[in-house]
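Quick mapping for you: the protein sequence lines, in order, are chains A and B.
Residue 3 in numbering that gives the first Met the number 0 sits at position 4 of the first sequence, with consecutive numbering throughout.
Residue 376 in numbering that gives the first Met the number 0 sits at position 377 of the second sequence, with consecutive numbering throughout.
Contents: one structure, followed by commentary.
Protein chains: 2
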Amino acid sequence: MASVSQKIDGLLAKQSFIRKMFEEGNRLRAIHGADKVFDFSLGNPNLEPPSALQDALADLVTHPQLGMHGYMSNAGYPDVRAAVAAYLSEEQRVALTGDYVVMTVGAGGALNVVFKTVLDPGDEVITPAPYFAEYNFYVDNHGGTCLHVPATPDFDLDIDAIASAITARTRVVLINSPNNPTGRVYGKETLAALANLLREKSQEMGRTIYLLSDEPYRKITYGGVEVPPVLSAYESSLLVTSYSKDLSLAGERIGYVAVNPATPEAEKLMNGLIFANRVLGFVNAPALMQKAVARVQGMGVDITPYQRNRDLLYKELTEAGFTVPHPDGAFYLFPKSPLEDDVAFVAEMAESLVLVVPGSGFGGPGYFRIAYCVSPQTVDGALPAFRAVGKKYFG
Amino acid sequence: MASVSQKIDGLLAKQSFIRKMFEEGNRLRAIHGADKVFDFSLGNPNLEPPSALQDALADLVTHPQLGMHGYMSNAGYPDVRAAVAAYLSEEQRVALTGDYVVMTVGAGGALNVVFKTVLDPGDEVITPAPYFAEYNFYVDNHGGTCLHVPATPDFDLDIDAIASAITARTRVVLINSPNNPTGRVYGKETLAALANLLREKSQEMGRTIYLLSDEPYRKITYGGVEVPPVLSAYESSLLVTSYSKDLSLAGERIGYVAVNPATPEAEKLMNGLIFANRVLGFVNAPALMQKAVARVQGMGVDITPYQRNRDLLYKELTEAGFTVPHPDGAFYLFPKSPLEDDVAFVAEMAESLVLVVPGSGFGGPGYFRIAYCVSPQTVDGALPAFRAVGKKYFG
């Protein structure tokens, strides 16, 4: 007798490829030793949280306050929401109070909360491809459909493509900047053009089209590149983020959603988000981590090691003949696969004990993703294999 | 232009009563002072976490291990799952390994993960009334329907009522023991009768009907009452719980789901649960709290203060003329309302600055809930009002 629903059964069958990759990695590590396998498959930061965060945690748990581990408002602790809002007001150049912030179980939790709140059955969410594959599930969880429109060849937003995809069913345009998997940061002019389009289309369709910006990599940019503030660019904007990457707290599930006060019916939207946070079973963001991150607003890990990895990999791959769009942020490279079949190429790399992920998994077939949030040893150890494969395919 | 979906709009309108109650409480506190308002409305433990848990937390954050705040398997840390399984094997008298445990974002997260995994569209979940009202949302989130069957007059499971409610669409029977809001603990014979029924009906319907037991109050029982182990009682059983109540960690969102290894296709069910934990945006249970609770398996707060509150309130309310089913566990009393209209009665109590919740909110109209996880001062302060209202209605 079937133990899971038909839908989950189908999804489990489909994701067997990723599980196979994961098992293949474990098999290789068992045979060759963990230090001989160069794993670039996961976006799990290898840097430790900054000492300021560690100190805040230590102070909180060694001087416990009464009730600090108990329930609070489903939106989060008022002082934490206020601290986030104060920081965001500067970052986004829009005056915010804590009333416009809901603390969440990471950005994944925040995205589910947003979709639960705003999607009517059959509503569409448009996002550029390549994209973070979990978006499809998050939208589908709440009865929506995730539509992918191609990015430009250098992975910028293609405003015309987005314009053509918008219909009366469009509820959200979802962007991710710096982007996973491409590392692309969308510039101020691009955002302004998108905002103009969404204003015009909201008017035309007679419903608010939200711009939802997923920004967990915001603080991880290189060469002075800044991520322009989405709340300044467009009234009906929501910002979702987490402290997973910039504070290396991915396992602690702490993030938030912030709402532009200028959006129509903002108060009802906030009530909806808080309600959804509750009924989806999140209830509230983890209490202790709320208090900890409130004390280190604006801080982040020292990204020098990521920069070193990026610079070295970009240089070496380019020299080896790979086509690599230059990434301004996050800790991903998304080079063109020498084989049209990126899955076959990834399997070939695994034979050289280098684990990367096929672009197909991100709606970007013909490419592959390198997550360089790894030790310098992992990068250095993989270079010979990248050089060898470059020689084979590019001469 | 509408900011939220039609469904959320409707739900927000409906829950305005609870918000009004909450605002009324704040209004009364502002007028009369917090110490003059006796608030029994929330199931938020007033006891602090045990010192063993506080010590574990302090040790973990002052001796941080590399990567301890990062992603781990979506099912949780292997050592944490193993520790939970070892404890559960004794508690449930069923041999379990960590492979049958998924660490979750509290019991609310766990319930959503289970429903996402097992419910096909239109599937039904049967639960006895009165019930924890969030169940309705949790089931609806995943396309199911929550059916309520009446409990017996003393709030035990009514096996015949459950039998009559089972159809080909039934996927889960959900129980909560000790019960919120009644405090009822289901005995061994009752569980055995339910198990027999579910075996027979699973056979008849040709599909597994799961027994899902939500047990966050398991360690909070009085007078030596024990909660019988559900995994020993029925093959296709799942146990969901959290450390919210027994370790007073409600805000930290840490719990788990455990699966009976004897259920058909148990491995696929586990894969489904782990997958659902990921795609619902929980991703994994908070990392630090996983490590902390693993070190205090089997421990709980000293419930002497709850027992004192229960004994005193039960005695005083009974003496005042109230009909109060005797509760064996949790920290709730569920007395009969002197008025048929429990909402009106609750409003009357609020005039005496005593805040309780109408039974209607739990599918138990004509009753009201007292959450006695409060200070002795709150209980003592409320007694005169309970006595006065008893005198008024019962003479």
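All residues carry an ideal CB built from backbone N, CA and C; glycine is no exception.
Quantities reported herein were computed from a predicted structural model and do not represent experimental measurements.
- It is roughly 11 Å from the alpha-carbon of Phe367(A) to the alpha-carbon of Met348(A).
- Annotation: Asn178(A) to Asp327(A) spans about 9 Å, alpha carbon to alpha carbon.
- Under DSSP, Arg368(A) forms a beta bridge with Val356(A).
- In this model, Ile273(B) and Asn43(B) are separated by some 28 Å (Cα to Cα).
- For a Cβ distance threshold of 8 Å, residue set Phe274 of chain B lies close to Gln14(A), ordered along the chain.
- Taking a beta-carbon distance threshold of 8 Å, Val104(A) counts as an interface residue toward chain B.
- Asp78(B) and Thr181(B) have their C-alpha atoms some 36 Å from each other.
- 8 Å or more divides the Cβ of Pro337(B) from the Cβ of Arg252(A).
- Under the 8 Å criterion on CB atoms, Val124(B) is classed as non-interfacial with respect to chain A.
- Close to chain A, meaning a Cβ-Cβ distance shorter than 9 Å, are the following residues of the segment 238-255 of chain B: Ser243, Leu246, Ser247, Leu248, Ala249, Gly250, Glu251, Arg252, Ile253.
- When DSSP states are grouped into helix, strand and coil, Gly254(A) belongs to the strand group.
- Per the coordinates, the alpha-carbon of Asp122(B) lies some 37 Å from the alpha-carbon of Ala291(B).
- In this structure Gln289(A) is in contact with Tyr76(A), their Cβ atoms being roughly 5 Å apart against a cut-off of 8 Å.
- Judged by their CB atoms, Pro215(A) and Thr240(A) are nearer to each other than the 8 Å cut-off.
- The contact set of Tyr137(B) on chain A, defined by CB atoms closer than 9 Å, consists of Val278, Leu279, Gly280 in chain order.
- By the C-beta density criterion, Pro324(A) is buried, having at least 16 other C-beta atoms within 10 angstroms.
- In the structure shown, Gly328(A) adopts extended strand secondary structure according to DSSP, grouped into three states.
- Around the CB of Asp213(B), 16 or more other CB atoms lie within 10 Å, so the residue is classed as buried.
- Shown here for Val124(B): same chain residues with a beta carbon closer than 6 Å to its own, the five before and five after excluded, namely Val138, Gly143, Cys145, Val171, Leu173 in chain order.
- In its chain, beyond the 5 residues on either side, Asp341, Val342, Val345, Phe367 have a beta carbon closer than 7 Å to the beta carbon of Pro357(A).
- At a Cβ-Cβ threshold of 8 Å, Ala109(A) and Pro129(A) do not count as neighbours.
- In the same chain as Leu46(B), and ignoring 5 residues on each side of it, the C-beta atoms closer than 7 Å to its own belong to Ser247, Val300, Pro304, in chain order.
- Taking the CA atoms as reference points, Leu382(A) sits about 7 Å from Glu315(A).
- Along the segment 195-220 of chain A, the positions whose C-beta sits under 8 Å from a C-beta of chain B are Ser201, Gly205, Arg206, Thr207, read in chain order.
- Going by DSSP, Met288(B) is part of the alpha helix (DSSP H) stretching over 286-293.
- With respect to Thr96(A), Ala82(A) sits apart: the two C-beta atoms are not nearer than 8 Å.
- Taking the C-beta atoms as reference points, Val100(B) is found no nearer than 8 Å to Tyr209(B).
- Scanning its chain for C-beta atoms nearer than 8 Å, with the 5 sequence neighbours on each side dropped, one finds around Thr166(A) the residues Glu123, Met204, in chain order.
- Straight through space, the alpha carbons of Glu22(A) and Lys267(B) are spaced by roughly 17 Å.
- Any Cβ of chain B closer than 8 Å to the Cβ of Pro180(A) would place that residue at the interface, and such an atom is absent.
- For Val124(A), the enclosing beta strand (DSSP E) has its first and last residue at 123-128.
- DSSP links Pro149(A) through a beta bridge to Ala128(A).
- It is roughly 8 Å from the alpha-carbon of Ala194(B) to the alpha-carbon of Glu234(B).
- Taking 8 Å as the CB threshold, Ala293(A) stays off the interface with chain B.
- Within the segment 23-44 of chain A, the residues whose Cβ lies closer than 9 Å to any Cβ of chain B are, in chain order, Leu41, Gly42, Asn43, Pro44.
- The shortest CA-to-CA distance from Gly69(B) to any of Thr126(B), Thr61(B), Leu287(B) is the one to Leu287(B).
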